[in-house]
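Structure, as structure tokens:
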Amino acid sequence: MKNDNPFKTISTKVVYQNPWITVEENEIIHPDTGGGIYGVVITKDSVTVVPVNNKGEIFLIRSFSYPAQKWHWELPAGGVGDDDFITASKRELFEETGIKAKTWQKIGVARPMDGLMPERMAALLATDLVIGEIPKADDNHLISDRRFFDLPTVREMVRKGKIDEGQSLSALYYYELYLQKEEK
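Using my numbering, the first residue of the sequence shown is number 113, and each one after it goes up by one.
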């Protein structure tokens, strides 16, 4: 496939790096406006899990987002690291909820912040759940509540902004599309 990138990259320099992210500053030539810079944040790909029990309820966690400085409801999620999407999803679901799932299905892949980063986020449906003991919190999570909600309640939580985290919204949308397909 031919590279049809209309931008020309002149140089790239790393301006910040830690174990989770790299921030690049690219000197570019924009096809319409000429020279400029473009900042790019590089992260590993991620997963967001939609855990659904045999009643059709979705398991959510209420966690504190340090960057947003607020509490919100979200789906279990995390980085892929060196794993594949399914392996990472199994790990993240168990670490954040104590739940294991017997059945897994990838229901979509999105790019959560296309204008800033190339990361891909896979949404995975987890069913045939086995509820285990809730794990102890780690340094990366501050979780105040974890529980199942029926789909109408989840939809209302989205409408009211109680679920406003982009990856959870994307995964929930993919789940809605999955349900529509299953109804046909």
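Where is the CB? At the ideal position from N, CA and C, for every residue including glycine.
query	result
Candidates 118, 175 and 218: closest to residue 147 by CA position	118
Coil, strand or helix - residue 206 by DSSP	helix
Distance between residue 184 and residue 236 (C-alpha atoms, nearest Å)	21 Å
Exposure label - residue 279; buried when at least 16 CB within 10 Å	buried
For residue 141, the three-state DSSP class (helix, strand or coil)	strand
Segment limits, alpha helix (DSSP H) that includes residue 172	Premise fails: residue 172 lies in the beta strand (DSSP E), 170-177, not in any alpha helix (DSSP H).
Span of the alpha helix (DSSP H), counted from its first residue to its last, around residue 267	263-271
Residue 223 versus residue 233: straight-line alpha-carbon distance, rounded	6 Å
Cβ pair count under 8 Å reaching 3, the segment 153-168 against the segment 188-200	yes
Where residue 254 falls, given that 16 or more other Cβ within 10 Å makes a residue buried	exposed
Close beta carbons around residue 282, own chain, < 6 Å, minus the five adjacent residues each side	222
Stretch pair the segment 209-219 + the segment 128-136: three plus CB contacts closer than 8 Å	no
One or two residues paired with residue 186 in a DSSP bridge	173
Rounded separation between residue 272 and residue 123 - CA only	44 Å
Residue 205 beta carbon less than 8 Å from that of residue 152	no
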